[in-house]
Amino acid sequence: GRLLDALDQLGLAENTIVVLWGDHGWKLGEQGSWCKMTNYEIDTRVPLILSAPGMKQRNLRSERLVEFVDVYPTLCELAGLPVPPGLDGLSAVPLLENPARPWKKAAFSQFLREGIWIAPDGIEYMGYTIRTDRYRYVEWINWETKAFTAAELYDHENDPLEQRNIANLPENAALVQDLAAQMKAGADGALPAEE
């Protein structure tokens, strides 16, 4: 509020794009971990606020999945600059115009458990994660052998704190298979349909 008010008072609001994004908080033992370095919601969900000249509506909120790789193409589009080809991100300008519009099917993250974060068995694992509107699915891969080691699945509708891994429940086998396939398809497979 005060920053945007000051931009108005200084006559800068019509040529200034403001992006506010934050870091996640400090984890205090959630998922048996300290600090900040995991693939879980507590480490990957952060605030992102955009204000730009020409926005028709203010104070809109979207629950759609946006990633930090989306900030750069969003800024390019808002500034009227060409978005370079080959970027991993997607401009979120359409969400600024309609926060409820169909959007990405998933967001992705990964974290290598090494050094001080190494697993108790002394092996380095890469955790690959896909987050959809409802689920978080994680695959743990042995970093040296590239062998699949374990999976985790959390249902954010029923378990928003990710306390109960439901990946190995028989009734979730098809869901796990579907999320694993979506993860392998990667970010390109999660893009919204062209309008």
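When we follow my numbering, the leftmost residue of the sequence shown carries the number 1, and every step to the right adds one. For glycine and all other residues, C-beta sits at the position ideal for the given N, C-alpha and C.
Through-space distance from residue j to residue i, alpha-carbon basis
{"i": "glycine 186", "j": "serine 91", "result": "17 angstroms"}
{"i": "leucine 191", "j": "methionine 126", "result": "24 angstroms"}
{"i": "leucine 20", "j": "leucine 169", "result": "40 angstroms"}
{"i": "alanine 52", "j": "valine 18", "result": "6 angstroms"}
{"i": "asparagine 98", "j": "leucine 60", "result": "9 angstroms"}
{"i": "aspartate 8", "j": "threonine 16", "result": "10 angstroms"}
{"i": "arginine 134", "j": "aspartate 88", "result": "23 angstroms"}
{"i": "glutamine 57", "j": "glutamate 63", "result": "17 angstroms"}
{"i": "leucine 48", "j": "glutamine 177", "result": "31 angstroms"}
{"i": "alanine 11", "j": "aspartate 23", "result": "The sequence given here has glycine at residue 11, not alanine. Looking at the two C-alpha atoms, the distance is approximately 30 angstroms."}
{"i": "alanine 100", "j": "leucine 112", "result": "34 angstroms"}
{"i": "glutamate 157", "j": "arginine 45", "result": "16 angstroms"}
{"i": "glycine 189", "j": "proline 84", "result": "20 angstroms"}
{"i": "leucine 81", "j": "leucine 161", "result": "40 angstroms"}
{"i": "alanine 6", "j": "threonine 74", "result": "23 angstroms"}
{"i": "glutamate 67", "j": "isoleucine 42", "result": "15 angstroms"}
{"i": "phenylalanine 108", "j": "threonine 38", "result": "12 angstroms"}
{"i": "asparagine 165", "j": "arginine 2", "result": "43 angstroms"}
{"i": "glutamate 171", "j": "lysine 104", "result": "26 angstroms"}
Element boundaries [beta strand (DSSP E), containing residue i]
{"i": "threonine 129", "result": "125-131"}
{"i": "glutamate 63", "result": "Unbroken run through glutamate 63: none, as it is neither H nor E."}
{"i": "leucine 20", "result": "18-21"}
{"i": "aspartate 8", "result": "Segment 2-9 is the alpha helix (DSSP H) holding aspartate 8; no beta strand (DSSP E) there."}
{"i": "valine 138", "result": "135-142"}
{"i": "leucine 95", "result": "First-last for leucine 95: 93-97, but that is the alpha helix (DSSP H), not the beta strand (DSSP E)."}
{"i": "leucine 153", "result": "148-155"}
Candidates the options: closest to residue i by CA position
{"i": "alanine 13", "options": "Leu4, Leu20, Trp21 and Arg164", "result": "Leu4"}
{"i": "aspartate 155", "options": "Trp140, Thr132 and Gln177", "result": "Thr132"}
{"i": "leucine 65", "options": "Ala151, Leu95 and Gly11", "result": "Leu95"}
{"i": "aspartate 159", "options": "Phe148, Ala180 and Arg136", "result": "Arg136"}
{"i": "histidine 163", "options": "Val83, Gly54, Lys184 and Tyr40", "result": "Histidine is not the amino acid found at residue 163; the sequence shown has glutamine there. Glutamine 163 has its Cα closest to that of Tyr40, out of Val83, Gly54, Lys184 and Tyr40."}
{"i": "glycine 54", "options": "Ile42, Glu77 and Ala151", "result": "Glu77"}
{"i": "methionine 183", "options": "Glu152, Arg58 and Ala106", "result": "Ala106"}
{"i": "threonine 149", "options": "Asn172, Ala119 and Asp178", "result": "Ala119"}
{"i": "leucine 50", "options": "Thr38, Gly80 and Val71", "result": "Val71"}
{"i": "glycine 86", "options": "Val93, Ala180 and Val69", "result": "Val69"}
{"i": "alanine 180", "options": "Thr145, Glu144, Thr38 and Trp140", "result": "Trp140"}
{"i": "tyrosine 128", "options": "Thr145, Glu144 and Gln110", "result": "Gln110"}
Nearest-angstrom beta carbon gap, residue j and residue i [assumed within contact, 8 angstroms]
{"i": "isoleucine 197", "j": "asparagine 142", "result": "Residue 197 cannot be examined here, being either before or after the span of the chain that is shown, 1 to 195."}
{"i": "leucine 153", "j": "alanine 174", "result": "Between alanine 174 and leucine 153 the Cβ distance is about 12 angstroms, and since that is not below 8 angstroms, they are no contact."}
{"i": "valine 138", "j": "alanine 151", "result": "7 angstroms"}
For residue i, three-class secondary structure by DSSP
{"i": "alanine 173", "result": "helix"}
{"i": "valine 71", "result": "helix"}
{"i": "alanine 107", "result": "strand"}
{"i": "valine 83", "result": "coil"}
{"i": "isoleucine 49", "result": "strand"}
{"i": "aspartate 88", "result": "coil"}
{"i": "leucine 191", "result": "coil"}
{"i": "leucine 161", "result": "coil"}
Continuous alpha helix (DSSP H) stretch holding residue i: start and end
{"i": "aspartate 43", "result": "41-44"}
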